[in-house]
Structures are given as C-alpha cells and as structure tokens.
Amino acid sequence: LYHKKKIKLDWVHSEELEKEGGEALLRHAQGIIVPGGFGIRGIEGMLKSAGYARRNNIPYFGICLGMQIMVIEFARFVLNSDVPNSTEFNECTAHPVIAYLPEQLSVKDKGGTMRLGEYPCILTSGTIAASLYQKEKISERHRHRYEFNNNYREQFAAAGLVYSGMSPDGNLVEICELKNHLWMLGCQFHPEFLSRPGHPHPLFRGFVGAAKDVLREGAQPSLPLNS
Numbered sequence: 009l010y011h012k013k014k015i016k017l018d019w020v021h022s023e024e025l026e027k028e029g030g031e032a033l034l035r036h037a038q039g040i041i042v043p044g045g046f047g048i049r050g051i052e053g054m055l056k057s058a059g060y061a062r063r064n065n066i067p068y069f070g071i072c073l074g075m076q077i078m079v080i081e082f083a084r085f086v087l088n089s090d091v092p093n094s095t096e097f098n099e100c101t102a103h104p105v106i107a108y109l110p111e112q113l114s115v116k117d118k119g120g121t122m123r124l125g126e127y128p129c130i131l132t133s134g135t136i137a138a139s140l141y142q143k144e145k146i147s148e149r150h151r152h153r154y155e156f157n158n159n160y161r162e163q164f165a166a167a168g169l170v171y172s173g174m175s176p177d178g179n180l181v182e183i184c185e186l187k188n189h190l191w192m193l194g195c196q197f198h199p200e201f202l203s204r205p206g207h208p209h210p211l212f213r214g215f216v217g218a219a220k221d222v223l224r225e226g227a228q229p230s231l232p233l234n235s
C-alpha cells in the first residue's frame, strides 16, 4: 500500500536451492527475503540465496535467522572457506561467526535460553537503517538464542559489513548491512511484529522501495519477491 505496488510473492523452498541449478529459481526475483526459523534443514539453500543476492546486487532482507544466514555467507566469501557457520548447525565449526548468546551458556532449561521481548537498539548515523527509521534509538521485539560473534567484528567491518544497529551497551549486533550493495540488510529482531498494512515497518518499507525499481529479465511489473 505504501508504495502503491502489487506484490507477487514466489515461495521458494530452500532445499530446492540446494539442488544443482537451483539458483535458477531466483532469476526473476527483484528482492529476496529470508525469514526467521530454527534448525539445519535447508540452511545451505538459504546461504545460496544470500550469495545470489550479494553477487547480483539484488535487494536482500534477512530477518532473525535470515540475518545470521547473511553473516555466514559473507564470512564464507570473506574468508574464502566453506567452514564458517553457526554453532546451531555445527557446534565444532572452526569459525563460529554466529554463536550462542554468552549470558545463556549456563542456562540448562532450553525454554529459558531465548532472548524474548522488546529491547532497545541504537542506530548508526549514515546507514540505510538510520535513514529509514529517522531516529537514533528504536525498540524492537526479539525471539532468538544466537547472535553475531563479536570476535569477527573488526575483520568483517574491514571487508564491508556495516553494523547499523547495536544494543545500547554495544555488545550485540542488532542490524547489519552490506556496504556498496543496493540493499542488503539483516536484523536480529522481528520487524513483522510491529508492521501493519496501513503503517508498514520502516525496514519492510525500505526493502520494497529498493526492490520495486530492480529490473530483471522476465520479471513481472507486479514486483515478484522471493521468500
């Protein structure tokens, strides 16, 4: 409604992307969304979608797990290795770029290991996120137990990953985006919880705004988005 465009959603099962030639399913996409989730099923396909978006300058919006996918794929590209991973998928990975929240390591009850509820976030000026929110401090709703591993923060920043939203204490990466890309952004929270048809969340508004102007061979004028 905000952009006065009709959106056509093409649902792509990430396991289909893992097959040979699977990326062809994305060839008409003007934007790619990878939403939240848990578990290892289809993860490599999600990583392929993030890599496709990064290489082809296609708008990408990663939500919760989708942000972690974006970080893992970027890590594999930067480190030129297929080893980087999340400890959710491989506890023994040599490069745990996504890891368990430090404060949850001693929690034994799995139901208590989630970072749940609304938390504040400080935005970095000059970023896509800051331009969309038009404010310095925001509050968003979370539901996750894994986070960006700060041991890799400097290395990835040098390679072009921008930390555009941080927890007030500066310890948790809440939003990240890729420098020199049309629109590639991931958030650790769930913006859909605060989005309404007549009042879309700033990040959804920005993603659709970037995707609607992408011209792809065979794409429909009704703006197909992949999720």
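Using our numbering, the first residue of the sequence shown is number 9, and each one after it goes up by one. Even glycine gets a Cβ: it sits at the ideal position worked out from N, Cα and C. Note that the coordinates shown come from a computational prediction; the quantities given were computed from them, not determined experimentally.
| Asked | Found |
| --- | --- |
| Which two residues bound the contiguous beta strand (DSSP E) that contains LYS16? | 16-18 |
| Under the assumption that ALA83 contacts TYR160 (Cβ atoms under 8 Å), give the Cβ distance between them as a whole number of angstroms. | 7 Å |
| Could you tell me the distance, in whole angstroms, from the CA atom of GLU148 to the CA atom of LEU87? | 31 Å |
| Hey, is the stretch 212-225 in contact with the stretch 62-71, meaning 3+ C-beta pairs nearer than 8 Å? | yes |
| For GLY217, which residues from the same chain have a beta carbon less than 7 Å from its beta carbon, with the 5 sequence-adjacent residues on both sides left out? | HIS11 |
| Just reading off the beta strand (DSSP E) that ALA32 is part of, what are its end residues? | Per DSSP, ALA32 belongs to no beta strand (DSSP E) and is neither H nor E. |
| Counting only the same chain and skipping the five closest in sequence on each side, list residues whose C-beta sits under 8 Å from that of HIS21. | GLY50, GLY53 |
| So ALA58 and MET78 are in contact, right, with Cβ under 8 Å, and what is the actual spacing, rounded? | 5 Å |
| Under three-state DSSP, which class holds PHE164? | helix |
| How would you call ALA137, buried or exposed, if buried means at least 16 neighbouring beta carbons within 10 angstroms? | buried |
| Buried or exposed, going by whether 16 or more other CB atoms sit within 10 Å of the CB of LEU193? | buried |
| From the DSSP output, which residues share a beta bridge with TYR68? | ILE40, MET192 |
| Who are the Cβ neighbours of TRP191 in its own chain at under 6 Å, not counting the five residues just before and after it? | PRO67, ALA218 |
| By alpha-carbon positions, which one of TYR127, TYR60, LYS14 ends up nearest to GLY29? | TYR60 |
| Buried or exposed: which applies to ILE80, given that a residue is buried once 16 or more other Cβ atoms fall within 10 Å of its Cβ? | buried |
| If you count every other CB in all the chains shown that lies within 10 Å of the CB of PRO176, and 16 or more means buried, which is it? | exposed |
| Under 6 Å Cβ to Cβ from HIS150, same chain only, skipping five residues before and after it: list those, please. | ARG123, TYR127, PHE197 |
| Is DSSP giving GLY125 helix, strand or coil here? | strand |
| Less than 6 Å between C-beta atoms, sequence neighbours within five positions excluded: which residues of the same chain meet that for ILE146? | CYS129 |
| Helix, strand or coil for GLY236 per DSSP? | The structure shown does not extend to residue 236, since the chain spans only 9 to 235, so no value can be given for it. |
| Comparing C-alpha positions only, which one of SER172, TYR154, LEU25 sits nearest to GLU96? | TYR154 |
| Let me know the secondary structure DSSP gives ASN158 once reduced to three states. | helix |
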